[in-house]
Amino acid sequence: MTAKVETTLRGPQAYGLARRVVDEMEAAGVWPTPLNFELWTHALGQPEGALAGEIQRMTAAGEPFTEAVTDALAAQHLPRGRLTDQIRDAGQVLDRELSSVSSVIAEAHRSQAAYGQTLEQAATSIEAAAGGDGLQTIVSDLTSATRQVQHETESLEKKLEVSTQEVVRLREHLELVRRDAMTDALTDLANRKAFDEHLAAACDKAESSAAPLTLAVFDIDHFKRFNDTWGHQTGDQVLRYVASVLGRTAASPRFAARFGGEEFAIVFPYESSAMVETALKGVLAEISSRSLRRRSTNDDLGAVTVSAGFAVRRRGETPAALLERADAALYASKRGGRNQVSCAERLAKAA
Ligand code: C2E
């Protein structure tokens, strides 16, 4: 959120703005999700801004605010990606700071203790050797000064322990926020950013271990028609339904993500092409096996189907090239009549 909106939300107009945000979201027919709330707060807090202009334009044109549209608006107008990076950097800085402060204190404590011991030994030697009162007094003064310093160090350590706990708490909080920023709010699957990061890491791992890696991409068939007929709130439920089947299929080390409006992906490490194809056919069969109902009216929505395409990573292949081949296989499934799985390698052989 920009500084101007942040300031408004802490000023005399804060509650008025929040109430208007809720009213406007209701008028626009969008759910009051945290992301929508952020978008509309941003738009109403900065009515002259680009986001407000875009929302006004869409409202005037009667364009629906589907989940995909609000995701795109957020990606374009809210600085979420940068926020995630900043949060991660902040966590690393905290870690570094904390370990450096701890080692400085430990070092200080060690040298204080050594200093005290030296003085104590000196006092004993002086007493034994000369019995000089003046000298002895000086040394014992020094010793008590040292004890005082040691006492202060101990209290510093206690304070450090309290701040350590605070930093641990803060890190846990940052981790939660980071996980949130990597999760698609509607479906609870990993979002595009998390998918990109995961696929890049999986490709690196497959390259170094020479283990197989397969990428499958999915697209809901006739989703636009579905949205137009039943409304985008029902469309959102369809997205959640498909995501729930994909999420169940993709137990670790598989990895499922929603990476576009009605597009999903699963990364399959360590599995043969035949195993992946069997799993994908199972997913398609499960998705199409149910007849969904519209929650508000109990209308029968019929079965939802998805098309899928997959590609097995070639040695040295980049994540983008792998995605492109899986996408091409997906479009072969669409062209072939939908609700089917296509394999990029088989298509290449047939060509
Ligand atoms: P949800 O509405 O939050 O439901 C979560 C889970 O609760 C469902 O997972 C299912 O296990 C259970 N559940 C909810 N409502 C019912 C019900 O009326 N009967 C039965 N037997 N179980 C129910 P599931 O099935 O994987 O669905 C995940 C999401 O997909 C649901 O989240 C919902 O958003 C959507 N969905 C699934 N089926 C339908 C449907 O027939 N109509 C609509 N509009 N959405 C559906």
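Note that the sequence shown covers residues 55 to 405 in the working numbering.
Beta carbons: idealized from backbone N, C-alpha and C, even for Gly.
Item, Value
"Within the chosen definition, does the stretch 379-389 reach the stretch 276-294 through at least 3 CB pairs nearer than 8 Å?", "no"
"Alpha carbons only, please: which of 299, 149 and 328 is nearest the one belonging to residue 222?", "149"
"Mind checking whether the beta-carbon of residue 338 lies closer than 7 Å to any heavy atom of the ligand C2E?", "no"
"Would you mind stating whether residue 346 and residue 362 have Cβ atoms separated by less than 8 Å?", "no"
"From residue 158 to residue 211, what distance separates their C-alpha atoms?", "11 Å"
"Measuring alpha carbon to alpha carbon, tell me which residue in 151, 145, 144 and 97 is nearest residue 130.", "97"
"Return the bridge partner residues of residue 317 from the DSSP annotation.", "273"
"Return yes when at least one heavy atom of the ligand C2E lies under 7 Å from the C-beta of residue 351, else no.", "no"
"Do you know whose CA, among 115, 307, 89 and 220, lies nearest residue 461's CA?", "Since the first and last residues shown for the chain are 55 and 405, residue 461 lies out of range."
"Beta-carbon of residue 198 versus every beta-carbon of chain B: anything under 8 Å?", "The question asks about chain B, but that chain is absent: this structure has only one protein chain."
"Taking C-alpha atoms, which residue in 389, 364, 393 and 373 lies nearest to residue 400?", "364"
"With a threshold of 7 Å, establish whether the CB of residue 291 neighbours any heavy atom of the ligand ZN.", "Because the ligand ZN does not appear in the structure shown, any question about it cannot be addressed here, the ligands present being the ligand C2E."
"For a test of your reading of the model: does the CB of residue 359 fall under 7 Å from any non-hydrogen atom of the ligand C2E? Yes or no.", "no"
"If we ignore side chains and look at the alpha-carbon of each, how far apart do residue 119 and residue 83 end up?", "8 Å"
"Near residue 340, what residues of its chain come up, given a Cβ to Cβ distance below 6 Å and the 5 sequence neighbours on each side ignored?", "299"
"By alpha-carbon positions, which one of 165, 122 and 321 ends up nearest to residue 257?", "321"
"If you check the beta carbons only, do residue 377 and residue 311 fall under 8 Å apart?", "no"
"I need the straight-line Cα distance from residue 366 to residue 291, nearest angstrom please.", "31 Å"
"Quick check on DSSP: helix, strand or coil for residue 149?", "helix"
"Can you name the residues that DSSP bridges to residue 356?", "346"
"For residue 375, name the three-state secondary structure that DSSP assigns.", "helix"
"Confirm, please, whether the CB-CB distance from residue 315 to residue 72 is below 8 Å.", "no"
"According to DSSP, simplified to helix, strand and coil, what is residue 288?", "helix"
"Would you check if the distance between the CB atom of residue 127 and the CB atom of residue 105 is smaller than 8 Å?", "yes"
"Relative to the C-alpha of residue 196, which candidate in 375, 108, 171 and 398 has its C-alpha closest?", "171"
"For residue 309 and residue 368, I'd like the C-alpha separation in whole angstroms.", "19 Å"
"Could you name the residues that DSSP lists as bridge partners for residue 312?", "318"
"Report whether the distance from the Cβ of residue 347 to the nearest heavy atom of the ligand C2E is below 7 Å.", "yes"
"Please report the distance separating the alpha-carbon of residue 218 from that of residue 203.", "22 Å"
"Taking the continuous beta strand (DSSP E) assigned at residue 396, which residues delimit it?", "395-397"
"Look at the alpha carbon of residue 272 and the alpha carbon of residue 307, and state the distance between them as a whole number of angstroms.", "19 Å"
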